[in-house]
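Trainee:
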Amino acid sequence: MAELTYREAVAEGIAQEMRRDPNVVFLGEDIGKAGGVFKTTVGLFDEFGPDRVRDTPISEQAILGAAMGAAMTGLRPIAEIMFSDFLAVCWDIVANEMAKTRYMTNGQTTMPVVVRTANGGGTRFGAQHSQSVENWAMAIPGLKVVAPSSPADVMGLFAASVRDDDPVVFFEQKSLYGIKGEVPDGELVIELGKANVLREGSDVTIAALAAMVPRAMDAAEILQADHGISATVIDLRCLVPLDTQTILSETSKTGRFFTVEENPRLCGWGAEISSIVSEECFYDLDGPIVRITTPHIPLPSADYLEDLAMPSVARIVETIRTSSD
Amino acid sequence: MPQLGETVTEGTVTVWHKKIGDTVKANEILFEVSTDKVDTEIPAPTDGVLAEIAVAEGETVDVGVKLAVLSEDGAAAAPTDSSSVDVIMPQLGETVTEGTVTAWHKSIGEVLTTGDILFEVSTDKVDTEIPAPVAGVLTEILIGDGETVDVGTRLGVIAAEGGVAASTGASRPSSAQATSTPIRNGNGAAALMRSVRNRDSRGLPLSPVVRRLIAEHGLNADRITGTGRDGRVTRRDVLAVIDSAPAIQTGDDSPEIVPLTRLRKQIGDHMVRSKATSPHVLQAVEVDFFAVDAVRAAHKDSWRAAEGFGLTYLPFIARAVCDAIADYPNINASIDGDNMIIHRRINLGIAVDLGLDGLIVPVVKDAHRKSLRDIAREISELADKARSSGLTPDDLTEGTYTLSNSGPYGTLITAPVINQPQVAILSTDGVRKKPVVIEGPQGDSIAIRPVGVLAQSFDHRAIDGAYSGAFLNRLREIIETRDWSAEI
Amino acid sequence: MATKPKAKTKKKPTKSDIANDDIGEEARLELWRQQLIVRHVEQRAQDLFLQNLIKGTTHLSVGQEAVAAGFGVAMQPGDYTFCTYRGHAHTLVRGASMAGVLGELMGRECGLMQGKGGSMHLTSVEHGAMGSYAIIGAHLPIATGAAWSAKYRGTDQVSVCFFGDGTTNIGAFHEALNFAQIWELPVVFVCENNLYMEYTPIGDVTAVEHPAADRASAYGLDRIIVDGNDADAVYRTAQTAFAKARAGDGPSLIEALTYRHYGHSRADPATYRPKEEVEAWMKRDPIPFYRQRLIDFGIDASVVDGLDAEILAEVDRVTEVCKASPEPSPDILHTEVYADGGSAWRN
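Residue numbers (the working numbering), protein chains in the order written: chain B, 1 to 325; chain W, 326 to 813; chain F, 814 to 1160.
#1: Between serine 1142 of chain F and lysine 1136 of chain F, what straight-line distance do the alpha-carbon atoms span, to the nearest angstrom?
#2: With a threshold of 16 other CB atoms inside 10 Å of the CB of methionine 310 of chain B, please say whether the residue is buried or exposed.
#3: State the Cα-Cα distance for the pair asparagine 1006 of chain F and serine 175 of chain B, rounded to the nearest angstrom.
#4: In chain B, which residues lie with their C-beta within 8 Å of the C-beta of valine 1150 of chain F?
#5: So which of F:Arg921, F:Met933, F:Met943 has the shortest CA-CA distance to glycine 908 of chain F?
#6: Leaving aside the five residues before and after serine 972 of chain F along the sequence, list all residues of the same chain whose C-beta is less than 6 Å from its C-beta, in chain order.
#7: So, with DSSP's three-state summary, where would you put lysine 695 of chain W?
#8: Shorter than 9 Å from the beta carbon of glutamate 66 of chain B to some beta carbon of chain F?
#9: Buried or exposed: arginine 291 of chain B, going by 16 or more other Cβ atoms within 10 Å of its Cβ?
#10: Taking only the alpha-carbon atoms, compute the straight-line gap between leucine 87 of chain B and isoleucine 81 of chain B and give it to the nearest angstrom.
#11: With a threshold of 9 Å between beta-carbons, can aspartate 235 of chain B be considered close to chain F, or not?
#12: By DSSP, does histidine 1147 of chain F sit in helix, in strand, or in coil?
#13: Using a Cβ-Cβ cutoff of 8 Å, what residues of the region 531-557 of chain W are near chain B? List them in chain order.
#14: Can you pull the chain B neighbours of proline 1014 of chain F, defined as C-beta to C-beta under 7 Å?
#15: Alpha carbon to alpha carbon, how far is arginine 799 of chain W from leucine 697 of chain W? Give it in angstroms, no decimals.
#16: Can you round the beta-carbon distance between arginine 841 of chain F and leucine 1107 of chain F to whole angstroms, since I take them to be within the 8 Å contact cut?
#17: For the region 987-1004 of chain F, list every residue whose C-beta sits within 8 Å of some C-beta in chain B, in sequence order.
#18: For the region 328-358 of chain W, which residues have a beta carbon sitting closer than 9 Å to at least one beta carbon of chain F?
#19: Please identify, using Cβ separations under 8 Å, the residues of the region 242-254 of chain B that lie next to chain W, in order along the chain.
#20: Give the residues from the region 861-889 of chain F that approach chain B closer than 7 Å (Cβ to any Cβ), ordered along the chain.
#21: Give me whichever residues DSSP pairs with asparagine 730 of chain W in a beta bridge.
#22: Helix, strand or coil for proline 498 of chain W per DSSP?
#23: By DSSP's criteria, glycine 765 of chain W is part of a beta bridge. Which residues make up the other side?
#24: Of the residues that make up the region 1072-1086 of chain F, which ones have a beta carbon closer than 7 Å to any beta carbon in chain W?
#25: Count Cβ pairs between the region 194-214 of chain B and the region 244-260 of chain B that sit closer than 8 Å; are there 3 or more?
#26: Helix, strand or coil for threonine 332 of chain W, going by three-state DSSP, please let me know.
#27: Please confirm if aspartate 1153 of chain F has its CB atom under 9 Å from at least one CB of chain W.
#28: Taking C-beta pairs closer than 7 Å, name the residues in chain W that tyrosine 177 of chain B reaches, listed in chain order.
#29: Rank B:Val115, B:Arg102, B:Arg124, B:Thr123 by C-alpha distance to the C-alpha of glutamine 927 of chain F and give the top, closest one.
#30: Expressed to the nearest angstrom, what Euclidean distance is found between the alpha-carbon atoms of aspartate 1027 of chain F and tryptophan 341 of chain W?
#31: Going by beta carbon distance, what residues of the same chain come within less than 7 Å of valine 113 of chain B, once the five residues before and after it are set aside?
#32: Does the Cβ-Cβ distance between leucine 915 of chain F and threonine 1132 of chain F come in under 9 Å?
#33: Tell me cysteine 974 of chain F's beta-bridge partners as DSSP assigns them.
#34: Taking the alpha carbon of alanine 1069 of chain F as the point to measure from, which residue in F:Ala1083, F:Ala1031, F:Asp978, F:Val1116 has its own alpha carbon closest?
#35: For arginine 497 of chain W, does the count of other Cβ atoms within 10 angstroms reach 16, so buried, or fall short, so exposed?
#36: Please report the residue range of the alpha helix (DSSP H) in which methionine 596 of chain W lies.
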């Protein structure tokens, strides 16, 4: 058991897979000699060399297109898009090409590619470097969508993503890069599509993702201590495949369901999950499903405003308390 | 008519290069077509003889319209195997899996046009007539009248008129199931839920899980102490009740769960609304029916012979109510917002018991203008109609005061619920012989008299206890002192 | 303004041409065969569309056959083809079956993808036809990635990427050229300049006269223009570019001048093209042009025309096969969304 930061877990996760399989290659902007703008790839260039860890020009379409062409022809590329906001620049390759080619060719092609990207707010970068866009990817048939909340999950889910034969968009929450956590020794692989029940309670069930997971956990402690409300917290970990069985069974146990989302309100992932819960365990519900989200606004830069916008521990506590009595 | 572009919806046949009877080779130019996007020559799709031209030169038709028939053997387009259309048992509802052919309307050899009623079908959900899917000739009936078969079964065959375009490939049925997703909420839960209203008697909402648990365990929400917002019953409250119940329950002891009928739910809604609307006050008087009984006994046989039904206390009471209202008109009223409407007509509602299904209140209109005998007849007729489902909507409206008669069951006193928007209702309870002190010129004596209680609930918004009491007193007086023999 | 063909039709070959022939009868007949397959299958596609047996849209390469044939014959098994929605030709010349192509256009079970892709997405991976991409520009980076893969794995595979003149004005074109050059990848970019992006003349919307060739120098590449209606010329150019790629000397960008006989897609009657321009290019139809070339090089007319008749008969036969093929099974609606073969996104 070692303690790693989320950031170190990214590099260690990539290294684990590159050591295991020579067909794993890695490309992106500033990922090689520079070690990544978030220092998430430090040491990889030195260990694996310029043929496997390739610095690219600022050409997001070329980065993902090249990764796709390589994936179709025998390699298992990892491509970094520095900020998830930049996915909008190369969304054609993600949404039209990687996601649909297997279906359009009726299974003639396989697309084992991982698109890593730094996602989400909390770093005061403003509206074009802070978006939480995992819901974009969730909306496209053919993609898998992963968003870990802890160093161990980063490593384990990353390994599973690289070994997966489908295109995976791997959202690293950039405000979590500095957090520390225990990571088991030895090879770590965590199956995609398995939610993690971090805390079991009897009154409410909270589903959260990535940076919202630690906030939901803090909120659950306060709800218990100050208000006598006992909360279950589910870390979804993956949006596709989605572990609906865990969501439904944990909701049935408490009768109340809350989502905590960084996505702006409209069509955030919680909307889809809420719809599933209301359709499939309505008769286990003891009150309305409530979504706690960022408002439907671009994220502002000023720390005061950004903190107002994103779901905070206090807002989670207050929302759950006032809708639980 | 081919679609000559994504947005083209129609085309004009400009020239036919072949005439009927011409032999045509595949890919030979057959005709020319003009659209708003393109003019072009259209080749024949296959070898054959031009058997029919359906759209003449110069005509403009929609994309997809049949322009001509190419016959492979040169024969005119006669029904062939390739142009036959199966008649199948339709799926008449999502959950219907089979149907019974009740009657074929056409026989073999009959010519059909599209939409002609072909046969009738009966399922557990619906009975309906099925039209012919295509024009043609009914060539086969495979499933006869009275037979029950699965949805999708071939019932017959129609030789379609014209013929089906060759080489369009075998069509496949669309697969609705292929796009459905499994739902965890079983029908069982939904059916159970319907038996529990979504609010309790205080009007507080009951959540889906509370309703399910109440239904599953046969509980009454009103008997569960709510700890939620405003005292709502929560899931936890229901679970506490369930947990505290005697632990051992064998299957045979478990409650039977019967969904409420529509009528029961309507009654429930009405009663809850009335109780929530009107502050009910109950007052009762004890009435000596000696005078009434004397007349009933005297005319018992002749009445039954003449009318076909027995002479009960109720028409006497109804008649007396009309007369008492004449003295106390505010009893015969309704409340409408800030106004009280005092009715000149006295339309008496008579509650008729329908057993477990509930009760219904038909109305004797203008009772004040009717004789005791007429009132008695009308009450009898309305009760018969109520029990044979023969009441019309008109029989149920315009009531101004209501009588609820529990007397036949020997009840002592009943607190009736006001039939909104009326302001009072009278319960007529059991009449029993009792020792009664009679005051007379010779002093007090004790006599055996038929005595019963008349109990009135009134709306305290409309009237007060003194007025209601005076009305009841007048009512008693009329019943006890009138010369009823004159009324018969 | 009418755009006349720039490349002049070559005079008859001289004795020296014939004596020093670098192509040979076998390759020429193969070039002829491939052009005929494309021509007859695409004409049949147009006919089937007029008969309402092909729905949706189709983009034909009729008139541009020499480009696909010239590159197709020069390619080796194992090489990769990436093409656009106008990709019937490029898929056929790699050996994909006519029934697979026509069946796909007709939405039948016998189609290459059983109707899941359609005209704009023809793919036959077993023949190296790695897909037809319907978003302009997308496949240039993808073809570049396949070349990267080939180089990384140490094979001598070449990745060939076909696209139209309109593609040269989208960002992905420029990103891919730079990328391929800095990594010295074995990819050959082939711009088929048919003078119109969709409905608009390419010259009206492009800063340079030759939309591909005039941009080559920006990426350190040679300026290469070839007569796209002369299969021999295309074949020779392809061989040169492939040799460079296989030698590890990096990518090439080739602009092939050609002309489409039909409009952009089935919805387009191409009425915007000047009559004299169309007539001038029709005189340079690559099919009769190449027939004469074969005869000039001494191949018997009966052999030349016999091949034509043979392929037309095969297209006729295949057409009936496709017409008889059923519509796809509804079961495949939900298959192959994910690598497990299904479409389950949840448990």
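Here a beta-carbon is modelled for each residue, glycine too, at the ideal position from N, C-alpha and C. This structure is a prediction, so every number in the text was calculated from the model and none was measured.
Mentor: So, from the data block:
#1: Within the third sequence, residue 1142 of chain F is the residue found at index 329, counting from 1. Within the third sequence, residue 1136 of chain F is the residue found at index 323, counting from 1. Cα-Cα distance, rounded: 16 Å.
#2: Taking the first residue of the first sequence as 1, we reach residue 310 of chain B at position 310. Buried, since its Cβ has 16 or more Cβ neighbours within 10 Å.
#3: For the purposes of this step, residue 1006 of chain F is identified with residue 193 of the third sequence, where counting begins at 1. For the purposes of this step, residue 175 of chain B is identified with residue 175 of the first sequence, where counting begins at 1. Straight-line Cα distance between these residues: approximately 49 Å.
#4: Here residue 1150 of chain F is taken as the residue at index 337 of the third sequence, counted from 1. Those within 8 Å of valine 1150 of chain F in chain B are Arg102, Tyr103, Pro141, Gly142.
#5: Sequence index remark: in the third sequence, residue 908 of chain F carries index 95 (1-based). Selected option, being the one with the closest Cα: F:Met943.
#6: Taking the third sequence and counting its residues from 1, one reaches residue 972 of chain F at position 159. Only Tyr893, Ala956, Ala959, Ala960, Val1000 meet the Cβ criterion.
#7: Here residue 695 of chain W is taken as the residue at index 370 of the second sequence, counted from 1. Three-state DSSP puts lysine 695 of chain W in coil, outside helix and strand.
#8: Start at 1 with the first residue of the first sequence, and residue 66 of chain B comes out as number 66. The identity of residue 66 of chain B in the sequence shown is alanine, whereas the question assumes glutamate. At least one chain F Cβ lies under 9 Å of alanine 66 of chain B.
#9: For the purposes of this step, residue 291 of chain B is taken as residue 291 along the first sequence, with counting starting at 1. Buried is the call here.
#10: Reading the first sequence from its first residue, position 87 is the one you call residue 87 of chain B. Reading the first sequence from its first residue, position 81 is the one you call residue 81 of chain B. Their Cα atoms are separated by approximately 7 Å.
#11: As a working mapping, residue 235 of chain B is identified with position 235 in the first sequence. For aspartate 235 of chain B, no Cβ of chain F is located within less than 9 Å of the residue's own Cβ.
#12: The residue you call residue 1147 of chain F lines up with position 334 of the third sequence. Histidine 1147 of chain F falls in the helix class under three-state DSSP.
#13: Ser532, Pro533, Val534, Val535, Arg536, Arg537, Gly553, Arg554
#14: Position 201 of the third sequence holds residue 1014 of chain F. Those within 7 Å of proline 1014 of chain F in chain B number zero; the least Cβ separation is about 26 Å.
#15: Along the second sequence, one-based indexing puts residue 697 of chain W at 372. Along the second sequence, one-based indexing puts residue 799 of chain W at 474. Each residue's Cα considered, the two are about 18 Å apart.
#16: Residue mapping note: residue 841 of chain F aligns to position 28 of the third sequence, counting from 1. Residue mapping note: residue 1107 of chain F aligns to position 294 of the third sequence, counting from 1. Right, the Cβ-Cβ distance comes to about 6 Å (below 8 Å), so this counts as a contact.
#17: Glu988, Ala989, Asn991, Phe992, Ile995, Trp996
#18: Gln328, Leu329, Gly330, Glu331, Thr332, Val333, Ala351, Asn352, Val358
#19: Leu248
#20: none
#21: Working through the second sequence from its first residue, we reach residue 730 of chain W at position 405. Asparagine 730 of chain W is bridged to W:Thr753.
#22: Position 173 of the second sequence, counting from 1, holds the residue named residue 498 of chain W. Only weak support exists for where proline 498 of chain W lies, its pLDDT of 39 falling under 50; the value from the coordinates is given anyway. In the displayed model, proline 498 of chain W falls within coil according to three-state DSSP, outside both helix and strand.
#23: Sequence index remark: in the second sequence, residue 765 of chain W carries index 440 (1-based). Answer by DSSP bridge pairing, in chain order: W:Gly768.
#24: Arg1079, Ala1080, Pro1082
#25: yes
#26: Within the second sequence, residue 332 of chain W is the residue found at index 7, counting from 1. Coil.
#27: Within the third sequence, the letter at position 340 stands for residue 1153 of chain F. So no, aspartate 1153 of chain F is outside the interface.
#28: If you number the first sequence from 1, residue 177 of chain B lands on position 177. In chain order: nothing, as chain W lies at least about 37 Å away.
#29: The residue you call residue 927 of chain F lines up with position 114 of the third sequence. Measuring from the Cα of glutamine 927 of chain F, the nearest candidate turns out to be B:Arg102.
#30: Counting from 1 along the third sequence, the entry for residue 1027 of chain F is found at position 214. Counting from 1 along the second sequence, the entry for residue 341 of chain W is found at position 16. Whole-angstrom Cα-Cα distance: 50 Å.
#31: What you label residue 113 of chain B is simply residue 113 of the first sequence in a count that begins at 1. Answer for valine 113 of chain B: Ala67, Met68, Ala71, Pro77, Ala79, Met98, Pro167, listed in chain order.
#32: For this step, residue 915 of chain F is matched to residue 102 along the third sequence. For this step, residue 1132 of chain F is matched to residue 319 along the third sequence. Yes. Within cutoff.
#33: Looking up residue 974 of chain F in the third sequence gives position 161. Bridge partners of cysteine 974 of chain F: F:Phe895, F:Phe1002.
#34: For the purposes of this step, residue 1069 of chain F is taken as the residue at position 256 of the third sequence. Comparing Cα-Cα distances from alanine 1069 of chain F to each of F:Ala1083, F:Ala1031, F:Asp978, F:Val1116, the minimum goes to F:Asp978.
#35: Reading the second sequence from its first residue, position 172 is the one you call residue 497 of chain W. Here arginine 497 of chain W scores only 42 on pLDDT, less than 50, and its place in the model should not be relied on; the value that follows carries that caveat. Under this definition arginine 497 of chain W is an exposed residue.
#36: Within the second sequence, numbered from 1, the residue matching residue 596 of chain W stands at position 271. Element bounds for methionine 596 of chain W: 587-602.
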